[in-house]
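Counting from 63, one number per residue, gives the positions in the sequence shown under our numbering.
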Amino acid sequence: MSEPSQTTGPAIVPGRLRNFVEMTIQTRQAQRLVQGRRGTDGKPPIIGLYRYGAMVRTIWSGATRDDPYADWVLLQVEQALHESKDEIATLKQTIEADMARVAAMKVGLAHSLEPARVELTFSNPYGYMGAWLLADFDELVLAVLTARHVGLINRDASERMLGEGGRAVRRAYATAQGYRATAVKREDLRGGTRRAERAQQAMGELPQAVLDGDLRPEHAPVIEGVQPSNSHSDDAGHTVASHDDAATDEATDTDPTTDERGNDDAS
Numbered sequence: 063m064s065e066p067s068q069t070t071g072p073a074i075v076p077g078r079l080r081n082f083v084e085m086t087i088q089t090r091q092a093q094r095l096v097q098g099r100r101g102t103d104g105k106p107p108i109i110g111l112y113r114y115g116a117m118v119r120t121i122w123s124g125a126t127r128d129d130p131y132a133d134w135v136l137l138q139v140e141q142a143l144h145e146s147k148d149e150i151a152t153l154k155q156t157i158e159a160d161m162a163r164v165a166a167m168k169v170g171l172a173h174s175l176e177p178a179r180v181e182l183t184f185s186n187p188y189g190y191m192g193a194w195l196l197a198d199f200d201e202l203v204l205a206v207l208t209a210r211h212v213g214l215i216n217r218d219a220s221e222r223m224l225g226e227g228g229r230a231v232r233r234a235y236a237t238a239q240g241y242r243a244t245a246v247k248r249e250d251l252r253g254g255t256r257r258a259e260r261a262q263q264a265m266g267e268l269p270q271a272v273l274d275g276d277l278r279p280e281h282a283p284v285i286e287g288v289q290p291s292n293s294h295s296d297d298a299g300h301t302v303a304s305h306d307d308a309a310t311d312e313a314t315d316t317d318p319t320t321d322e323r324g325n326d327d328a329s
């Protein structure tokens, strides 16, 4: 007796994956570092999270195209993010120790009655790492303002700590300014091409380990030619799309005269 034939249909293939990340901002100090500030007469520009995200997107794109300078700047961004995170954590630990010294009182942190919510859709881990740093600063601000309100620290001490925390965030974001998109590749530098000369004039010399590809950032992208630069495959081989809320194309450089979202100022 023959087995019944099996009906075949079209293959079921999952579509592209999208993630959703929303950050809650409770303090004005942190909210100002989301947008940043344009440079004006007498006031230097402040790189906010959006502008930082646009810059690391460009650097990430360069790293996918085998630009060793992009790897080098990502390594510096990585280090700056870790250092700033540690600095903010130390400040927060100081405040928490002050709050815990009175055993008879339990002090709850202040919170916003109407927090701001920011949707994050960065195309690479470094954009999100910048957001986590800002979230840490937001928590520090809440702790400092609470401690000042209940009399555990004075205004001068609170302003000093808020200033140190804010500078730590801005310093990490500003590290991404060190990249210039030159379209150079490792093979150009090994061959001493004109493109390599221009890149060296703009960016200087590289550590040999970075040039050789032996030293790459912890979250370095796959270099183009192995997998597409604007997507990656999951364990099942499905394409995962990348996206970014910084409205730039891949040609955008990291010049700070553009705004935080990467759009040129047309005004």
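Glycine residues also receive a C-beta, built at the ideal position from the N, C-alpha and C atoms. Nothing here was measured: the structure is a model prediction, and the numbers come from that model.
### T126 vs V272 beta-carbon contact at 8 Å
no
### Task
Verify whether the separation of the beta carbon atoms of H173 and L196 is less than 8 Å.
no
### Task
May I have the straight-line CA-CA distance separating V212 from M167, to the nearest angstrom?
11 Å
### Query
What's the call for F184, buried or exposed, on a 16-neighbour Cβ count within 10 Å?
buried
### For L111, the three-state DSSP class (helix, strand or coil)
helix
### Message
Applying the 10 Å Cβ sphere with the 16-neighbour rule, what's the burial state of F82?
### Response
exposed
### Query
Taking all protein chains shown into account, do 16 or more other C-beta atoms lie within 10 angstroms of the C-beta of V75, making it buried, or fewer, making it exposed?
exposed
### Query
Roughly how many whole angstroms lie between the Cα atoms of L202 and T120?
30 Å
### Task
Consider the Cβ of T255: report whether some Cβ of chain B lies at a distance smaller than 8 Å.
The chain inventory of the structure shown lacks chain B, comprising one protein chain alone.
### Query
Rounded to the nearest angstrom, how far is the Cβ of G189 from that of V118, given a contact under 8 Å?
6 Å
#### Entry: Same chain only: Cβ atoms within 8 Å of P187, ignoring 5 sequence neighbours per side
H281
### Query
Taking just the CA atoms, how far does L137 sit from P107?
24 Å
### Query
So which of R256, A209 and A142 has the shortest CA-CA distance to V169?
A209
### Counted within 10 angstroms of its Cβ, other Cβ atoms place L79 as buried (16 or more) or exposed
exposed
### Query
In chain order, what residues of the same chain have a beta carbon less than 7 Å from the beta carbon of R217, not counting five sequence neighbours either side?
R210
### Task
Using the Cα positions of D129 and L182, report the straight-line distance between them to the nearest angstrom.
26 Å
### Query
CB-CB under 8 Å to L207, same chain, minus the five flanking residues each way: which ones, in chain order?
T89, A172 and S220
### Message
Using DSSP's beta-bridge definition, name the partner residues of M85.
### Response
V180
### Query
V135 and A238: beta carbons closer than 8 Å?
yes
### Query
Which word fits Q91, buried or exposed, when buried means at least 16 other C-beta atoms lie within 10 angstroms of its C-beta?
buried
### Message
Can you list, in chain order, the residues of its chain with a C-beta nearer than 6 Å to that of M191? Leave out the 5 residues immediately preceding and following it.
### Response
L143
### Query
If you count every other CB in all the chains shown that lies within 10 Å of the CB of V164, and 16 or more means buried, which is it?
exposed
### Task
Consult DSSP for D315 and reduce its assignment to one of helix, strand or coil.
Annotation note: pLDDT 41 at D315 (below 50); position unreliable, coordinate value reported separately. Looking at D315 - three-state DSSP - the assignment turns out to be coil, as it is neither helix nor strand.
### Query
Does the Cβ-Cβ distance between F150 and R232 come in under 8 Å?
In the sequence as presented, Phe is not what sits at residue 150; that position holds Ile. No. Outside cutoff.
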